[in-house]
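Quick note: the sequence shown, position 366, residue 377 per our numbering, numbers continuous. All remarks here apply to the structure that follows.
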Amino acid sequence: MRIGIDARFYGSLGKGLGRYTSELITQLEKLDTKNEYVVFLRKDNWDEYEPKNPHFTKVLAEYPWYTWKEQLLYPLFLRKFKLDLVHFPHFNVPLLYRRPFIVTVHDLILLSHPTTRATTLGPLLYKLKYMVYRLVIVGALKRSKAIITVSKTAKQEIEKTFPFTGQKDILVTYGACSPSLAEDTKGDKTKKVTQLTTPFALYVGNAYPHKNLERLLESFSQFRKGGYDDYSLVLIGAKDYFYERLREEARERGLDTNVIFFDHAGDLELAEIYRAASFYVFPSKCEGFGLPPLEAMCNGLPVASSDASCMPEILGEAALYFDADDAESMTGAMRRMAEDGELRQTLVDKGYGQAARYDWETVARLTLESYENSLK
């Protein structure tokens with residue numbers, strides 16, 4: 012079987028999608044010595060992937076996400092490779108692609124939490140964009156040979172939003188902490204990490220509206236005023252429009268010296284920061300999986316998380332939960348984390364066990380089975 016993997020999100024270029032794509036390919040290379048793979052990359056992540064299995068070949072596919080080139084030209088390009096199956100690890104499957112494929116839909120946040128705060132477009136253009144996204148998602152779900160998602164919560168949301176998917180088997184493959192984030196750094200720290208002063212609370216991820224970081228700033232402000240003014244809040248995420256907007260809000264709240272915008276961190280730096288932080292806080296209102304809290308757990312960092320969406324499913328009893336819509340609830344969770352050393356240690360111990368339940372090899376094995384079953 013000749014399989015294509017749309018890896019344009021591969022690695023650091025695609026944030027959470029990039030992690031999913033890169034870890035999946037890494038494990039497939041170890042598992043599969045029978046099928047042939049063509050891995051499609053962009054210029055910006057071309058050097059991040061070098062095949063280690065002779066059955067894997069990389070190809071440059073410079074078709075930007077969510078563009079007319081992706082919809083009109085990319086399917087023509089893919090047809091040249093005479094692929095038996097393509098795996099699209101995101102919903103953005105070209106409407107004109109008519110050969111067999113499977114799709115991974117991580118969440119339906121674009122549809123379930125529409126807001127003009129999630130875009131730089133005006134209301135009319137955003138509404139048009141929303142309609143196009145919905146059309147693309149429906150097309151991907153209807154035409155796919157198989158559907159993969161990343162939690163039971165996400166599966167239920169897909170089935171509820173699009174009842175026709177009940178006629179298909181939706182495979183759930185959980186994510187996992189990357190081995191590169193669990194490696195022993197032997198106490199070494201980069202200069203940028205050593206400049207972080209302890210104690211500090213940590214958040215890792217993007218600053219999209221559903222991440223609820225504005226309420227995190229509000230809660231952190233109250234947390235500091237409640238007797239914890241020695242704490243900082245460190246935010247890890249690539250600099251973009253949404254983080255710049257959040258930075259301005261921090262200034263307006265007078266938190267500009269206490270909220271640290273670290274920008275992007277590589278795996279080595281990220282592991283160091285997880286291990287240096289006092290606790291991790293995850294205020295998100297909606298997630299398909301929510302990988303960063305799990306990464307925190309595998310690095311021995313206690314986690315306070317919202318109880319929204321899939322988070323209790325993924326984190327189990329290994330997190331301290333709060334109401335994402337209640338700033339005081341979030342503040343109270345941070346206060347307990349700062350005060351209760353016994354609670355922190357209990358969460359650390361449970362966190363190691365919870366993180367160990369997930370691994371990328373299982374994700375790849377189940378995905379490979381889906382490839383093979385989809386063409387029977």
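Where is the CB? At the ideal position from N, CA and C, for every residue including glycine. Remember, predicted model here, so these are calculated numbers, not experimental data.
Inter-residue spacing [alpha-carbon to alpha-carbon] between residue i and residue j
{"i": "T44", "j": "A212", "result": "44 Å"}
{"i": "E283", "j": "V204", "result": "7 Å"}
{"i": "V374", "j": "F51", "result": "20 Å"}
{"i": "S381", "j": "Y252", "result": "38 Å"}
{"i": "R145", "j": "L122", "result": "7 Å"}
{"i": "Y242", "j": "L192", "result": "25 Å"}
{"i": "F173", "j": "K166", "result": "10 Å"}
{"i": "E225", "j": "E260", "result": "8 Å"}
{"i": "P313", "j": "E353", "result": "11 Å"}
{"i": "I113", "j": "R13", "result": "14 Å"}
{"i": "R109", "j": "K91", "result": "13 Å"}
{"i": "R347", "j": "V161", "result": "31 Å"}
{"i": "L96", "j": "K63", "result": "21 Å"}
{"i": "L266", "j": "S316", "result": "22 Å"}
{"i": "P220", "j": "L152", "result": "26 Å"}
{"i": "R376", "j": "F293", "result": "30 Å"}
{"i": "I271", "j": "D336", "result": "23 Å"}
{"i": "A288", "j": "P210", "result": "7 Å"}
{"i": "T342", "j": "R53", "result": "42 Å"}
{"i": "L207", "j": "G27", "result": "24 Å"}
{"i": "P264", "j": "Y332", "result": "A small correction: the amino acid at residue 264 is Arg; Pro does not occupy that position in the sequence shown. Cα to Cα, R264 sits roughly 25 Å from Y332."}
{"i": "D58", "j": "L42", "result": "23 Å"}
DSSP state of residue i mapped onto helix, strand, coil
{"i": "A389", "result": "Residue 389 is absent from the structure shown; the chain starts at 12 and stops at 387."}
{"i": "Y21", "result": "coil"}
{"i": "K69", "result": "strand"}
{"i": "H221", "result": "helix"}
{"i": "A288", "result": "coil"}
{"i": "D58", "result": "helix"}
{"i": "E380", "result": "helix"}
{"i": "T160", "result": "strand"}
{"i": "G362", "result": "helix"}
{"i": "V183", "result": "strand"}
{"i": "L227", "result": "helix"}
{"i": "S33", "result": "helix"}
{"i": "L94", "result": "coil"}
{"i": "V52", "result": "Note that residue 52 is Leu in the sequence shown, not Val. Of the three classes helix, strand and coil, the one that applies to L52 here is strand, per DSSP."}
Where residue i falls, given that 16 or more other Cβ within 10 Å makes a residue buried
{"i": "G216", "result": "buried"}
{"i": "Y77", "result": "exposed"}
{"i": "G364", "result": "exposed"}
{"i": "H275", "result": "exposed"}
{"i": "D180", "result": "exposed"}
{"i": "V143", "result": "exposed"}
{"i": "T440", "result": "The chain is shown from 12 up to 387; residue 440 falls before or after that span and cannot be answered."}
{"i": "W79", "result": "exposed"}
{"i": "G277", "result": "exposed"}
{"i": "F175", "result": "exposed"}
{"i": "K69", "result": "buried"}
{"i": "D17", "result": "buried"}
{"i": "L71", "result": "exposed"}
{"i": "T268", "result": "exposed"}
{"i": "G299", "result": "buried"}
Nearest residue (CA-CA) to residue i, options the options
{"i": "H117", "options": "I169, K41, R19", "result": "I169"}
{"i": "F102", "options": "N310, T68, S155, P313", "result": "S155"}
{"i": "F88", "options": "I148, G15, G22, E40", "result": "G15"}
{"i": "P75", "options": "F67, L96, L84, T68", "result": "L84"}
{"i": "E383", "options": "A157, V70, E73", "result": "A157"}
{"i": "E34", "options": "W79, R256, G186", "result": "G186"}
{"i": "Y420", "options": "G265, R355, S340, Y214", "result": "Because the chain spans 12 through 387 in this model, residue 420 falls outside it and cannot be assessed."}
{"i": "E328", "options": "D337, R368, C297, T342", "result": "R368"}
{"i": "L119", "options": "P294, S320, S232", "result": "S320"}
{"i": "H98", "options": "K250, K387, R19, K222", "result": "R19"}
{"i": "L94", "options": "K296, L42, P111", "result": "P111"}
{"i": "G22", "options": "N46, L42, Y60", "result": "Y60"}
{"i": "S392", "options": "P210, F300, L182", "result": "Outside the displayed range of the chain (12 to 387) lies residue 392, so it cannot be described from this structure."}
{"i": "T164", "options": "V359, M322, A287, P210", "result": "M322"}
{"i": "D318", "options": "N223, R256, S289, L281", "result": "N223"}
{"i": "G301", "options": "I325, K54, F231", "result": "I325"}
{"i": "V359", "options": "Y332, D351, G311", "result": "G311"}
Own chain partners of residue i with C-beta closer than 7 Å, once the 5 adjacent residues on each side are dropped
{"i": "F273", "result": "V245, L246, I247"}
{"i": "A366", "result": "C188, L305, M308, C309"}
{"i": "E81", "result": "Y74, P75, N103, P105"}
{"i": "F67", "result": "E40, Y48, V50"}
{"i": "E229", "result": "A338"}
{"i": "R258", "result": "F272"}
Cβ neighbours of residue i in the same chain (closer than 6 Å, five flanking residues each side left out)
{"i": "Y239", "result": "A349"}
{"i": "M345", "result": "F234"}
{"i": "W371", "result": "E34, Q38, A187"}
{"i": "G2", "result": "It is not possible to answer for residue 2, since the shown part of the chain is limited to 12 through 387."}
Close Cβ partners of residue i (< 8 Å) along its chain, the five nearest in sequence each way excluded
{"i": "G177", "result": "E170"}
{"i": "R262", "result": "none"}
{"i": "G29", "result": "F20, Y21, G22, S23, N56"}
Cβ of residue i within 8 Å of any chain C Cβ
{"i": "N269", "result": "Looking for chain C here will not work: only one protein chain is present."}
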